[in-house]
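Everything below concerns the one structure shown next.
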Amino acid sequence: MKIKSIFLLMIFFAVFTGFQSCSDDDSGSDDDTAGCANFEAEYEDVTTALTAFSENQTTANCEAYKNALLDFYADFNDCPYWGDYYQEAYEQIQAMDCSGLETN
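This is the structure we're talking about:
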């Protein structure tokens, strides 16, 4: 059940990112990440942690992935691109349960 919840969160993250990139809303700027420092670096941290967790589902890798997501959303809370979805994403990330996985 815990693994299912984690994978649902990963799917949500992927779908959310996909829908945001296809938005019809035109704020007048072609760069939705304007004012969002280090977006690529922060996103890379999340994908690196996700890859590690996908390959080796341990408590430590789950916590690392969870923390990478929390750091990512915390850094972009004030960013117009992500700000509206911050609270929902934060609550879903906090709800991730990494207990019960292997501790190796």
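With mature numbering (1 follows the signal peptide of the UniProt record, and there is no 0) applied, the sequence shown covers -23 to -1, 1 to 81. Where a beta carbon is used, it is the ideal one built from N, C-alpha and C, also for glycine. These figures come from a predicted structure and were not determined experimentally.
Looking only at ASN38, GLU65, GLU17, the smallest Cα-Cα distance to SER76 is reached by ASN38. Within its own chain, the residues whose Cβ lies closer than 6 Å to the Cβ of THR80, once the five positions on either side in sequence are excluded, are THR36, listed in chain order. Assigned with DSSP and collapsed to three states, THR24 falls in helix. Put simply, of SER31, LEU46, GLU40 the residue whose alpha carbon is nearest the alpha carbon of ALA18 is LEU46. Rounded to whole angstroms, the separation of the alpha carbons of CYS56 and ALA41 is 23 Å.
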